[in-house]
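>
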Amino acid sequence: MPVEHPEPFNLFPQAGFAMLEVGSVSIKNTKNILIKNIGDSAMGAIGWWLFGNGLAFGRDSGGFVGVTGFALKGEDLYGTSTGDFDALSYANWLFQWTFAASATTIDPIVAHWAWSDGGWASARRADDDDLLFGCGVTDFAGSGVVHVTGGMAALMGIFILGPRAGRFNEDGTSNTMPQQSAVLQTLGTFMLWWGWLGFNAGSVFSFVATPAVAAKVMGVTVIGGASGGITSLLVNKLQCGYWDTGSALNGILTGLVSITAGSGTYEPEGAFVVGALGGVLYFFASNLLLRNHLDDVVNAAPVHLFGGMWGLVSAGLFSSKFAYAMAYSEDRSDKCAGILYGGSGSSLAANIIFLMAVVAWVGFLTLLLFVVTKLTIGSASV
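Taking this note's numbering, the leading residue of the sequence shown gets 10, the next gets one more, and so forth.
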């Protein structure tokens, strides 16, 4: 399959999420989970077509949001006289839909900030003088845009809606809840890992249409996921005394999330370190939630929120000058490389500001959503 056509990769993670989630809950919840994932894909596609794509990639308004291109209409997609359409816009719509299936009105705004030509944090702005800290955010394939967004939404959900019945005892200890199948969890994780290759490598063609860079991105994606799985498995063995499949699988996913921001700007050794530290971070983040009586059924917040936060920070530390020049701009690679590779720290500063903005934006909107949900239909119906 040509790497410049990643779309077939990108629907695969929807099936992967379905298998992972079904395997993580009791058998009585199987149909609910499957309906949810079907709705994610189907309703997400319609929402992205009608609203999301325009908000994310329509003509810029003040660096905050796009204002054209809704329902795939407008002069940006169709010639005013010839009626010809821009095939690249359709390909980008399809590619980005798989990122945004979770939130039509939240993810597109964040995507516009980071990935459009006019977003306030974007590294793609035409004038270097307009770039945030002279670099813009280094979020190549979405540690912040996708994973901090999704992870923050998950954290607000579990905080407001509360734990499952029987998850915690009155003395504060936790109970292990029944899970349907480690086999399905493992299958889902490998399906996600496969899809991640398309997500990360496909992002290359939003910046520089270079197959060589895409091939390297796929390599560092594999390395980051592998090192995350190994370290999470080892830490769980050292801390808990046993080998745990769930820790290994979630370590793989956290490693993948962690290297996503810098997947276009890392050397292989950098991806190894970032992924490995992501796997360690997952273990302690998961236990932090349990100690605070937060019931995260699939560990979405430890994997995506904490992994995404580390991903944005690590991109400001481990991006090499050579890789940054290939993925973004040779002219500013000396300044915008990671601190550990001789950069000035400007990319790290831009990434931290972007991270704070995403947490505030997504946290506020999803907090409001879940409060209204709990007050109207109740947490038992969610």
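Glycine is no exception: its CB is placed at the ideal position from the N, C-alpha and C atoms.
In this text the structure is predicted, and so the values were computed from the model without any measurement.
By how many angstroms is the C-alpha of residue 154 removed from the C-alpha of residue 267?
If I take the Cα positions, the gap works out to 13 angstroms.
> Alpha carbon to alpha carbon, how far is residue 90 from residue 80?
No answer about residue 90 holds up, because its pLDDT of 41 lies below 50 and its placement is not dependable.
> Once you ignore the five residues that flank residue 257 on each side, which residues in its own chain have a CB closer than 7 angstroms to its CB?
238, 241 and 242
> As an exercise, report each continuous alpha helix (DSSP H) stretch of at least 4 residues that is fully enclosed by the region 131-207, in chain order.
158-170
> Check whether the Cβ atoms of residue 381 and residue 188 lie closer than 8 angstroms to each other.
no
> Would you list, in sequence order, the uninterrupted alpha helix (DSSP H) runs of no fewer than 4 residues that lie entirely inside the region 280-337?
316-327 and 330-336
> Closest to residue 277 by C-alpha separation, out of 137, 308, 289 and 225, would be which residue?
225
> For residue 126, which of helix, strand or coil comes out of DSSP?
coil
> When you compare each of 171, 128, 289 and 152 to residue 387 by their alpha carbons, which one comes out closest?
171
> For residue 35, which three-state DSSP category applies?
coil
> Going straight from the alpha carbon of residue 182 to that of residue 291, what length do you get?
20 angstroms
> Under 8 angstroms between the Cβ atoms of residue 201 and residue 233?
In this structure, residue 201 keeps its C-beta atom at 8 angstroms or more from the C-beta atom of residue 233.
> Taking only the alpha-carbon atoms, compute the straight-line gap between residue 121 and residue 128 and give it to the nearest angstrom.
5 angstroms
> Please state whether DSSP places residue 70 in a helix, a strand or coil.
strand
> Cβ atoms of residue 309 and residue 356: under 8 angstroms apart, would you say?
no
> Since residue 314 and residue 360 should fall inside the 8 angstroms C-beta cutoff, what is the C-beta to C-beta distance between them, to a whole number of angstroms?
Wrong, their Cβ atoms sit about 15 angstroms apart, outside the cutoff.
> On the criterion of 16 or more Cβ atoms from any shown chain inside 10 Å, does residue 8 qualify as buried, or is it exposed?
The question about residue 8 has no answer, for the chain in this structure spans 10 to 391.
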